[in-house]
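Numbering (the UniProt record's numbering), first residue to last: 1 to 248.
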């Protein structure tokens, strides 16, 4: 079904999700530039749905327009990421505090949530997943499960917005970093503290966990991003011109 502009929403949606996935999978890196024309040609659509998709990505904080139909993957802004991690910390410490300090016994839905997460995270070291991209998805699911368990739709929506905006640097941490075992151990400790209703310990553990992730963001450099580009191979996306070393 077409909308009132006569544009098929499915085309804009397809472009939006495809380009977003390229950003999340680091086929497009912060600072990479594309044009409406190159995206329209790549996906076989007119410029209008291509522009609509880019505008949605801009609303997500992932792209920004600059001149004459040109668009850029939002460069790494350390102050912005600091602010986002601070917001994430506020959301998650509140959620964990509420889960661990409930006046009544923990509800059945929360117990099931803890059971399900423990099946994923409380496993022998030899059974732990080692693929960084799989770990990104598991890590996000862990943190969102904690927030959703509070049963506050606005809080959950806010958490999703923060997650979408920090995903690129978080992927660099998990995919190219060396924190998988640490992530498993910290998640298990957080779950144990919630299950035993140790409010102060739960809050301290989740805060330390998030601060550790934020510390990795502080060390992120253009050199590390360039290594990510090299690992993905040259010309990894057909609609983005190769980015020259030393250019902005």
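Glycine included, each C-beta is placed from N, C-alpha and C at the ideal position. Quantities reported herein were computed from a predicted structural model and do not represent experimental measurements.
- Counting only beta-carbon atoms, is residue 209 nearer than 9 Å to chain C? Protein chain content of the structure displayed is limited to a single chain, and chain C is not contained in it.
- Query: Roughly how many angstroms separate the alpha carbons of residue 80 and residue 205, rounded to a whole number?
  - Reply: 24 Å
- Can you grab the Cα-Cα spacing for the pair residue 14 / residue 217, in whole Å? 30 Å
- Task: State buried or exposed for residue 147, treating a residue as buried only when at least 16 other CB atoms are found within 10 Å of its CB.
- Result: buried
- In whole angstroms, what separates the C-alpha of residue 30 from that of residue 18? 16 Å
- Task: Measure how close the beta-carbons of residue 73 and residue 62 come, nearest whole angstrom, since I'm counting them as under 8 Å.
- Result: 7 Å
- Neighbourhood of residue 164 by C-beta, 7 Å cutoff - its chain only, sequence neighbours within 5 removed: 60
- Task: Would you give the residue range spanned by the alpha helix (DSSP H) that residue 26 belongs to?
- Result: Looking at the DSSP string, residue 26 is not in any alpha helix (DSSP H), and its letter there is neither H nor E.
- For residue 43, collect the residues of the same chain with a Cβ closer than 6 Å to its Cβ; drop the 5 residues on either side in sequence, then sort them by chain order. 15
- So, using beta-carbon positions, are residue 96 and residue 203 closer together than 9 Å? yes
- Task: Enumerate in chain order the residues of its own chain whose CB-to-CB distance from residue 246 is below 6 Å, with the five nearest sequence positions on each side excluded.
- Result: Residue placement at residue 246 is flagged as unreliable, the pLDDT there being 45, under the threshold of 50; the coordinate-derived value follows with that caveat. Within the same chain, residue 246 has no close Cβ partners at all.
- Query: Which of the three DSSP states, helix, strand or coil, is assigned to residue 33?
  - Reply: strand
- Query: Which two residues bound the contiguous beta strand (DSSP E) that contains residue 67?
  - Reply: It is not in any beta strand (DSSP E) - residue 67 carries neither H nor E in the DSSP assignment.
- Whole-angstrom distance between residue 77 and residue 25, CA atom to CA atom: 19 Å
- Query: How close, in whole Å, do the beta carbons of residue 64 and residue 58 come, if the pair is a contact with beta carbons under 8 Å?
  - Reply: 6 Å
- Item | Residue from 169, 201 and 192 with nearest C-alpha to residue 82 | 169
- Taking buried to mean at least 16 other C-beta atoms within 10 Å of its own C-beta, is residue 211 buried or exposed? exposed
- Message: Using the Cβ count rule (16 or more neighbours within 10 Å means buried), how would you classify residue 196?
- Response: exposed
- Between the beta-carbon of residue 184 and the beta-carbon of residue 133, is there less than 9 Å? no
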